[in-house]
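The opening residue of the sequence shown carries number 33 in the numbering used here; numbering runs sequentially from there.
Idealized CB from N, CA, C, for every residue including glycine.
Report on the following structure.
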Amino acid sequence: HMRLGLQVVIEDYVHAEATKLLALIVNQFFTLTVAVVCALAVAKLVIG
Numbered sequence: 033h034m035r036l037g038l039q040v041v042i043e044d045y046v047h048a049e050a051t052k053l054l055a056l057i058v059n060q061f062f063t064l065t066v067a068v069v070c071a072l073a074v075a076k077l078v079i080g
């Protein structure tokens with residue numbers, strides 16, 4: 033949900049193609065990193 037929202041904002045407001053591409057790539061990796069960190073946090077809570 034967060035990735036798609038940021039993607040729309042980037043596509044709508046970033047006009048330079050190179051900057052837009054870089055921002056979309058960073059957005060993808062950032063949201064993937066957040067997802068992994070959240071999954072590890074939940075796993076740590078479950079395992080103890």
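Mapping DSSP to helix, strand and coil, what is Gly-37?
Assignment of Gly-37 by DSSP, reduced to helix, strand and coil, places it in the helix class.
Is Val-46 closer than 7 Å to Ala-55 when the C-beta atoms are compared?
Cβ distance < 7 Å, so Ala-55 and Val-46 count as in contact.
Val-40 to Ala-71, Cα distance in whole Å?
If you take the alpha carbons of Val-40 and Ala-71, they lie about 25 Å apart.
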